[in-house]
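The working numbering numbers the first residue of the sequence shown as 90 and each following residue consecutively.
Don't be surprised by glycine CBs; every beta carbon is placed ideally from N, CA and C.
Since this is a predicted model, take the numbers as computed values, not measurements.
Here's the structure we're looking at; comments come further down.
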Amino acid sequence: MSSHLFRALGSTEFFVDGERVQLGGVKRKLILGAFLLRPNQPLSTHKLHAVLWESPPTSGMANLYTYLSELRRVLTVGSGPASRTLLVRDPDGHRLEVETDEVDLLMFSEHARRGHELLARAEHEKAAEELGAADALWQGTPLEGLPSNGWMQAEVRRWEEARITQLKEWIDARLMLGRHQTLAAELRTYLELHPLAEALWGQLMLALYRSGRQGEALGTFTEARSRLRSELGVEPSVQLRELHHAILTQSPTLDLQPSRSRTEVTHPSARPADRVPSQLPAAPEDLIGRDAETARLIEALTEPENGSRNSRVAVITGPPGSGKTALALHVAHQVRHRFPDGQLFLALPGPGSDGRDTARVLRDVLLALGADRALLPEGLEQLAASFRMRLADTRVLVVVDDAGGSEQVSDLLPGTVGSAVLVTSRLQLPALYSAHTATLGPLPEEEALALLRRLVGAARLDAEPQAARFIAAACDFLPLAMRIAGARIALRSDQSLNAFAERFLYPGRKLGEFVHDGLDLRSAFEASYRALDPLAAETFVQLGRAGGRAVDVAAVAELTGRDRREADLALEQLIAGNLVRPVKGPGGSRSAYQLSGLLGAYAAELGLPPGAGADQRRLPGHLPARRTPPASPGVGRAA
90 MSSHLFRALG STEFFVDGER VQLGGVKRKL ILGAFLLRPN QPLSTHKLHA
140 VLWESPPTSG MANLYTYLSE LRRVLTVGSG PASRTLLVRD PDGHRLEVET
190 DEVDLLMFSE HARRGHELLA RAEHEKAAEE LGAADALWQG TPLEGLPSNG
240 WMQAEVRRWE EARITQLKEW IDARLMLGRH QTLAAELRTY LELHPLAEAL
290 WGQLMLALYR SGRQGEALGT FTEARSRLRS ELGVEPSVQL RELHHAILTQ
340 SPTLDLQPSR SRTEVTHPSA RPADRVPSQL PAAPEDLIGR DAETARLIEA
390 LTEPENGSRN SRVAVITGPP GSGKTALALH VAHQVRHRFP DGQLFLALPG
440 PGSDGRDTAR VLRDVLLALG ADRALLPEGL EQLAASFRMR LADTRVLVVV
490 DDAGGSEQVS DLLPGTVGSA VLVTSRLQLP ALYSAHTATL GPLPEEEALA
540 LLRRLVGAAR LDAEPQAARF IAAACDFLPL AMRIAGARIA LRSDQSLNAF
590 AERFLYPGRK LGEFVHDGLD LRSAFEASYR ALDPLAAETF VQLGRAGGRA
640 VDVAAVAELT GRDRREADLA LEQLIAGNLV RPVKGPGGSR SAYQLSGLLG
690 AYAAELGLPP GAGADQRRLP GHLPARRTPP ASPGVGRAA
């Protein structure tokens, strides 16, 4: 069997059994170069067309197919029945089908990945070997000598950014091994190629300082600041300024300490290694169900980047009380080992919060990451930039709890790959385009009963199964309501489940039953309600008059005294806030809207004047007939 190798880190070349294969003209090399930048990923003919021509000729598509056919022949390896082409057709276009050891870019990625993991485990000697092997594969700029347009240039930049990350980690490993004496000249060479890479400037300053050249280290900071000011119009980052201050004061944190982490080598005035942030609250021990959502969220947070230059983002959304935070913590603890540089928990005030709340959270987390309080910037944009710099080229899990909107989340996203963000929000966040979203609803009945069984005990539940089902339904199968009810039932071992179930027969008192030991379902509903604008808030209250019935837009307009357009806008906000759910209307059309039982009780409570009863409410004549509520299993029976 023949062996073959592609090279793209420098000139674009193809070797079979050690012999260079003639690829032909520039167009063929451009097409091959595009596939090498995205190995094993399909590229559409439209994409390849754009790679070849910014202003294509009329025969462009026909020419492209000719080039592809010629290239397929060139990339056919082996002979006879064992021959195969490496350029294969794909439902989405064409794909270069290769193994890791057949493309220098893939070999680079694999060495860099292994080096990163070894460095995170403080295996510095092995990390230096792997990262050095990655570096040795670079023979020049990717696809050197080939013309390129916007897409190709962006892909080349992506690989060059990966190379800068690998360089920084390779230098980190050697600094940890005490090889600072030999690194200064090497770093100067790298800075000629990457003059705006602040981390490389910081490493040069540290190498000089550890070599007994404090004055040169301070002069290097001045040089870096001048370069950044002249070319970008910005000041050095917080990390670089902190390092300058540490060198100026001869801080002992700069001394070589073999136990220190990779993050500290790059930013030596940061936290000590034993303070890698681990802020996750305890995972809930009684989480029941949500298995499918858990599996999809874990996959979304840990799947390979596949060429993306952004952090992985997953969102958990759902109505108040649906267990968003509990699921987030359950998932976060499942994947925390994949993020050795730390886990951050950012608790936000929820919908209705503003930039001041985000800035406060960012200040707190920057301090947890080791920032100097005196050097923290004031504005939200500057704080967000400092946060992204702190997390650059690290593997950190960020849990953002109770986000108030997509814009707020955007300020908290790391700027590079490697990290992941898990967001919970009462709101749907469609503006986070690349995020995987898990939308929670009520638990299935059997899972709700399993939760109640865990809280109350199997014996009591099995003794009164009808009452247990009634209680679960009265809780709308919401985890928060189930937890409160279960805790109260467990506390009253002297009382039957049937007696507790009968408390839910009085709608006006129903919400008052869901308060226990700091948990309050009404407060959870109130937080979502207060974030609504006046039109949506008024509509929510008036929907409480529907008594749990599904209503169409016309009915909503009549309830609120608004026109259909305003009613539709209000419904849109209520749907986005997970307060109203679309349901099938007459004839199976998805054009009706409904409040859940508990949210309906809360809305009715908001609209009820003092002393008024539910029977005083007028319902529009075209509302659908109300469903018969479930009967309590013990009405009229003694507890």
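What does a CB cutoff of less than 7 Å around Arg425 pick up in its chain, not counting 5 residues either side in sequence? Within the same chain, Cβ atoms closer than 7 Å to the Cβ of Arg425 are found at Leu369, Gln432 and Leu486, the five residues on either side in sequence being excluded.
Compute the Euclidean distance between the alpha carbons of Val630 and Ala139, then round it to the nearest angstrom. Val630 and Ala139: Cα-Cα distance of roughly 54 Å.
Could you tell me whether the Cβ atoms of Ala690 and Leu624 are closer together than 8 Å? No.
Reducing DSSP to helix, strand and coil, say where Leu185 ends up. Three-state result, Leu185: strand.
Can you give me the C-alpha to C-alpha distance between Ala243 and Ala635, rounded to a whole angstrom? Those two C-alpha atoms are separated by around 55 Å.
Tell me which same chain residues have a C-beta within less than 7 Å of the C-beta of Asp500, skipping the five on either side of it? Residues Thr447, Leu469 and Ala473 of the same chain have their beta carbon placed closer than 7 Å to that of Asp500, with the five preceding and five following residues left out of the count.
Assuming His269 is part of the alpha helix (DSSP H), what are its boundary residues? Unbroken run through His269: none, as it is neither H nor E.
Find the nearest neighbour of Ala211 within the set Lys257, Leu266, Arg246 and Val177, judged by alpha-carbon distance. Minimum Cα distance to Ala211 is reached at Leu266.
Could you give the DSSP three-state label for Arg173: helix, strand or coil? In the three-state DSSP reduction, Arg173 falls in the strand class (E or B).
Phe629, enclosing alpha helix (DSSP H) - first and last residue: Residues Pro623 to Leu632.
Under 8 Å by Cβ, that's how I've got Pro373 and Leu332 pegged, so tell me the actual separation to the nearest angstrom. About 41 Å separates the CB atoms of Pro373 and Leu332; that is not less than 8 Å, and the two are not in contact.
Residue of Arg302, Tyr298, His205 and Ala209 minimising C-alpha distance to Leu256: Nearest in C-alpha terms to Leu256, of all of Arg302, Tyr298, His205 and Ala209, is His205.
In this structure, does DSSP put Arg716 in helix, strand or coil? With a pLDDT of 34 at Arg716, under the threshold of 50, the predicted position of this residue should be treated as unreliable, though the coordinate-derived value follows. Three-state DSSP puts Arg716 in coil, outside helix and strand.
Beta-carbon proximity check, Val166 vs Ser158, cutoff 8 Å: Here Val166 is not near Ser158, since their CB atoms are 8 Å or more apart.
Whether Arg577 touches Ile377 by CB criterion (8 Å): Cβ atoms of Arg577 and Ile377: not closer than 8 Å.
Residues that Leu105 bridges to, as DSSP identifies them: It should be noted that the sequence gives Val, not Leu, for residue 105. Beta-bridge pairing links Val105 to His93 and Glu108.
Can you list, in chain order, the residues of its chain whose CB lies under 7 Å from that of Ser237, leaving out five sequence neighbours each side? Apart from sequence neighbours up to five positions away, the residues of its chain that approach Ser237 with a beta-carbon distance below 7 Å are Val245, ordered along the chain.
Please determine, among Gln471, Leu480 and Gly439, the residue with the shortest C-alpha to C-alpha distance to Ala457. Per the Cα distances, Leu480.
Can you pull the DSSP bridge partners for Ala757? For the chain, the structure presents residues 90 to 728; residue 757 sits outside this window and is missing.
Cut-off 6 Å between Cβ atoms - residues of its own chain near Leu532, not counting five sequence neighbours on either side: Cβ neighbours of Leu532 beyond the five flanking positions: Gly378 and Phe566.
Roughly how many angstroms lie between the CA atoms of Ala681 and Ile664, to the nearest whole one? About 12 Å.
Are the beta-carbon atoms belonging to Val402 and Ser326 less than 8 Å from one another? For Val402 and Ser326, no; Cβs fall outside 8 Å.
Where Gln339 and Asp261 are concerned, what is the direct C-alpha to C-alpha distance, given to the nearest angstrom? The straight-line gap separating the alpha-carbon atoms of Gln339 and Asp261 is approximately 20 Å.
Do Tyr156 and Arg202 have their CB atoms nearer than 8 Å? Contact: no.
For Arg581, three-class secondary structure by DSSP: Residue state, collapsed to three classes: coil.
Ser315, DSSP secondary structure in three states: When DSSP states are grouped into helix, strand and coil, Ser315 belongs to the helix group.
Just verifying my parser: in three-state terms, what is the DSSP assignment at Glu497? What sits at residue 497 in the sequence shown is Gln, not Glu. DSSP, read as helix, strand or coil, puts Gln497 in helix.
For Thr528, report the span of its beta strand (DSSP E) as first-last. Its beta strand (DSSP E) spans residues His525 to Thr528.
Give the single residue among Asp657, Leu632, Ile573 and Val450 whose Cα lies nearest to the Cα of Leu648. Cα-wise, what sits closest to Leu648 is Leu632.
So which of Phe197, Ser508 and Leu272 has the shortest CA-CA distance to Leu226? For Leu226, the closest C-alpha among the options Phe197, Ser508 and Leu272 is that of Phe197.
Beta-ladder partner(s) of Ser367, from DSSP: Gln432, per the DSSP bridge assignment.
When the Cα of Gly114 is compared with those of Ala384, Leu160, Gly459 and Glu108, which residue comes out closest? Checking every option, the nearest Cα to that of Gly114 belongs to Leu160.
Work out the CA separation of Leu185 and Thr147 for me, nearest whole Å. Roughly 27 Å between the two C-alpha positions.
So, helix, strand or coil for Ile405, using DSSP? Residue state, collapsed to three classes: strand.
How about Leu621 and Leu569: are their beta carbons less than 8 Å apart? In this structure, Leu569 does not lie closer than 8 Å to Leu621 by Cβ.
For Glu536, the nearest candidate out of Pro284, Arg558 and Gln292 (CA to CA): With distances taken between CA atoms, Glu536 lies nearest to Arg558 out of Pro284, Arg558 and Gln292.
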